[in-house]
Amino acid sequence: MLKKNELYRAAVTGFTSDGLGVCRVEGCAVFVPNAAPDEEYDLRITHVGKNSAHGKIVNIITKSVARVNRACPYAKRCGGCRFWHLTYEAECELKRQRVLDALNRLGGQSLETLALTPAPTCEGYRNKAQYPVTTEKNKPIAGFYREGTHEVVAVKRCLILPECADRAKQAVLDWMRQFRVPAYDETQHSGLVRHIFVRHAEATGQVMVCIVANGARHPRENELVGALRDRVPGLRTVVLNTNLRRGNAVLGDETRTLWGDGFIEDVLCSLRFRISPRSFYQVNRAQAQVLYQKALDAAGLTGRETVLDLYCGTGTITLCLARRARQAIGVEVVEAAIEDAKKNAERNGIENARFFCADAGQAALRLAAEGVAPDVIVVDPPRKGLSADVIEAIAAMSPERVVYVSCDPATLARDVKLLNAKGYALRHAESVDLFPRCAHVETVCLLSKLKSTQHIEVELDMDELDLTAAEKKATYQEIKDYVLEHSGLKVSNLYIAQVKQKCGIIERENYNKPKSEESKQPQCPPEKEKAIMEALKHFGMI
6 MLKKNELYRA AVTGFTSDGL GVCRVEGCAV FVPNAAPDEE YDLRITHVGK NSAHGKIVNI
66 ITKSVARVNR ACPYAKRCGG CRFWHLTYEA ECELKRQRVL DALNRLGGQS LETLALTPAP
126 TCEGYRNKAQ YPVTTEKNKP IAGFYREGTH EVVAVKRCLI LPECADRAKQ AVLDWMRQFR
186 VPAYDETQHS GLVRHIFVRH AEATGQVMVC IVANGARHPR ENELVGALRD RVPGLRTVVL
246 NTNLRRGNAV LGDETRTLWG DGFIEDVLCS LRFRISPRSF YQVNRAQAQV LYQKALDAAG
306 LTGRETVLDL YCGTGTITLC LARRARQAIG VEVVEAAIED AKKNAERNGI ENARFFCADA
366 GQAALRLAAE GVAPDVIVVD PPRKGLSADV IEAIAAMSPE RVVYVSCDPA TLARDVKLLN
426 AKGYALRHAE SVDLFPRCAH VETVCLLSKL KSTQHIEVEL DMDELDLTAA EKKATYQEIK
486 DYVLEHSGLK VSNLYIAQVK QKCGIIEREN YNKPKSEESK QPQCPPEKEK AIMEALKHFG
546 MI
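Residue numbers for the sequence shown, in this note's numbering: 6 to 547.
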C-alpha cells in the first residue's frame, strides 16, 4: 500500500483520457499531472485511493525530448489546458494513440494505424469563453477554475482565446469596480455577476457578450453597454441571462437583449449560421470545417440518398449533408435548437432539409410510418455517446452506412463494438484535433452494413455450431469443456441439445433426433443437466 506524502521513483507508462500521466508504483497506478512521454520521476504521493493514487513530480530523473517551457503562465494552476508543457507534435501523437488504443482495446478492432489532422494553430482558436466571476481582496476577478475546484484563477490573457474575449472580460470587471456591482458568491448564493460569457464569429468578426447574473436586472446597464462598445472591436450584441439556481449550470432560462440583435452570425462550410447564447457551435471553426468535410466524405453521398442526422443541434452538419443528398432530415430533442435549425435552412436557401423534435426511437417510428428509410445515418452525440435505444433505433432503420462523429474515444469504441454486433463493420476511422493544448479530440468513423454477397464462404462442422439466431453463444465443445472444468462431469452433444431444448433454445431440424420413432434416447441425468445449465448461463445463452 502506498503512503501519502512518501517519495517513490517511477516511469511514465501511458496517459489517461484527461491527459494525466500514468506511472506504476508497486503495482498501483499513480496519476500524475504535467507528465511527458518516456520520463522517469521522483514522485510524491498526494492522494491514495482504493485502486489508484495521485502524485506530483518532485524531480525529473529522465527528461523527455517532448518537454518544453510553457508559453502560458497560468497553465499549471488553471484547469483549462493540459498540454502546454509538451511540443504540439507530441500532444497530437498522444491523442492519436489514445483513439487507436480505445478502438482496438475497448472496441474490439484491429486497426494498425490511425490518422490525425493537427490544428494549424494552437492560439486564439477558441470562439467561446465562459469566465466565472468571484471576489478576491474585495475586488471582482474573472478567469478559470483551478482543476477539481471552484477556486477561480484570475487570468489576464488566455492564449487559446481571441483577444476580444479578454478585452470584454476586462471591460466588465472595470465596470463592476467602478459602479460597485457585486460578484456572485456561490456559498451564500448572493451577489449579482456569475459569469462573463463571450462568443466570437471568426468569419464575420462579430462578438456577443452575455452577462450571466443572479438577478433579472443590472444596475447601470447603459454604462455596461457603453464600456463594452468602447473597448471590444466587432461587438454586435450584449445580452443579460438570468440564472437564479444554485449549482454548476452556467446559463439560466431567461435571456434579455441589452443592445443589438441578441445574436451573432458566422460562416461555416460556406453556410451562414445564427448563434445565440444557447446555440451549439463547434469552438474551433477552422478545424470544424475539416471535421465536417471528413464526415461528408465518409457519408459517400451521390445526390440520391436520404440522410438522417440524429443529433442535429442547430443544423450545422444536416445542412452540409443536404447539399449533397436528395434529402436530409435533422432530429434533436431540444425544441429551441430545432427552431434555430429551421431558420438556418431558410437563411441559406436550403429546401431539401427538414427538422423535427424527437429522440432517436421516436424518429425511427415516425420515419417508418412515412415510409422513409434512410440510406445514411449521421450521429454526433454528446460525450456520453449513444444510448442503448439509439443503437436499437439505428439497427431498426437499417441504413447502408453510419457516420459517427465523436468527442470521446472511450464511448466511441464502446458504441462501435455495439454496432458491430448489429451487423455494421468499421471501415474507416480518422481523428481531427479541435482542441489544441486541451485533452479532448474528435474522431470520424464510417461503419457500413454487412452484405451476404460480401461474406467469405467457409466449411463448418455443423455439429459444433449453435444455430440459434445472432445472440451470444458457445460451441458444443466449449460447453463440454466448461462443464468438465467446473464440475468434473463429461457430457455429450445429445445431453446439451436436450437441455437447450428445455430452455427454449431451438435446434435445427433433426439435430440429434432418433433415427426412428421406435428408437429410445438416453435422457440427461439431473446432475449433468444442472452443470449444463450453469454453462449456458455463463455463456449468456439463458
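Virtual Cβ for every residue (Gly too), placed ideally from N, Cα, C.
Only a predicted model underlies this, so the values are computations on that prediction, with no experimental measurement involved.
Flag this pair as touching only if the segment 80-89 and the segment 403-420 have three or more C-beta atom pairs under 8 Å; answer yes or no.
-> No contact exists between the segment 80-89 and the segment 403-420.
Where H205 sits in the DSSP three-state scheme = In the structure shown, the three-state DSSP call for H205 is strand.
Pairing CB atoms from the segment 294-306 with CB atoms from the segment 209-229, are three or more of them under 8 Å?
-> They do not touch, by the three-pair rule.
Spatial distance of R359 from L164 (CA atoms) | For R359 and L164, the distance between alpha carbons rounds to 39 Å.
Would you give the residue range spanned by the alpha helix (DSSP H) that G112 belongs to?
-> DSSP places G112 in no alpha helix (DSSP H); its state is neither H nor E.
Length at least 4, wholly inside the segment 172-257: the alpha helix (DSSP H) runs in chain order | 226-236, all fully within the segment 172-257.
By a C-beta neighbour count over all protein chains shown, 10 Å radius and 16 as the cutoff for buried, is K299 buried or exposed?
-> By the neighbour-count rule (16 or more Cβ atoms within 10 Å), K299 is buried.
N-terminal and C-terminal residue of the alpha helix (DSSP H) that K100 is part of | K100 -> alpha helix (DSSP H) spans 93-106.
Backbone secondary structure at R82 - three-state DSSP | The answer is coil: DSSP assigns R82 none of H, G, I, E or B.
Report yes if the C-beta distance between D271 and A232 is below 8 Å; otherwise report no.
-> Cβ distance not < 8 Å, so D271 and A232 don't count as in contact.
For T321 and G19, the rounded distance between their alpha carbons = Rounded to the nearest angstrom, the gap between the Cα atoms of G19 and T321 is 36 Å.
Nearest-angstrom beta carbon gap, T92 and V73 [assumed within contact, 8 Å] | Indeed, because the Cβ distance is near 6 Å, the residues count as touching under 8 Å.
Among residues of its own chain, excluding the 5 on either side of P441, which ones have a beta-carbon nearer than 6 Å to its beta-carbon?
-> Answer for P441: A124, C127, listed in chain order.
Given a cut-off of 8 Å, decide if L417 and G390 are closer than it, judged by their beta-carbon atoms.
-> Taking a C-beta distance under 8 Å as the contact criterion, G390 and L417 qualify as a contact pair.
Does DSSP put D385 in a helix, in a strand, or in coil?
-> Note: D385 maps to coil in three-state DSSP.
Contacts around L249, its chain only, beta-carbon distance under 7 Å, and the 5 residues preceding and following it disregarded = Closer than 7 Å at the Cβ level, and outside the excluded window around L249, lie N219, G257.
Per-residue DSSP class, three states only, for E45 | If DSSP states are grouped into helix, strand and coil, E45 belongs with the strands.
Compute the Euclidean distance between the alpha carbons of R110 and Y150, then round it to the nearest angstrom.
-> Straight-line Cα distance between these residues: approximately 33 Å.
Nonlocal neighbours in the same chain, by C-beta distance under 7 Å from A540, ignoring five residues either side | Take A540, set aside five residues on each side of it, and the residues of its chain with a beta-carbon closer than 7 Å to its own are I484, Y487, V488, in chain order.
Quick one: Cα of L455 to Cα of T307, how far?
-> Their Cα atoms are separated by approximately 20 Å.
Using a threshold of 8 Å, state whether the C-beta atoms of V410 and V449 are closer than that.
-> Yes, these two residues count as a Cβ contact at 8 Å.
Taking DSSP as the reference, what is the three-state secondary structure of H543?
-> Here DSSP, grouped into helix, strand and coil, assigns H543 to helix.
Rounded to whole angstroms, how far is the Cβ of K144 from the Cβ of R182, which I believe are closer than 8 Å?
-> With 8 Å as the limit, K144 and R182 qualify as a contact, their Cβ atoms being about 6 Å apart.
Taking the C-alpha atoms as reference points, what is the distance between D438 and R388?
-> The alpha-carbon atoms of D438 and R388 are separated by roughly 16 Å.
Touching by the beta-carbon criterion (3+ pairs, under 8 Å), the segment 339-353 and the segment 365-375 = The segment 365-375 and the segment 339-353 do not touch, with fewer than three beta-carbon pairs separated by less than 8 Å.
Leaving aside the five residues before and after G239 along the sequence, list all residues of the same chain whose C-beta is less than 7 Å from its C-beta, in chain order.
-> For G239, where only same-chain residues beyond five positions count, the Cβ hits under 7 Å are C169, G210, Q211, V212.
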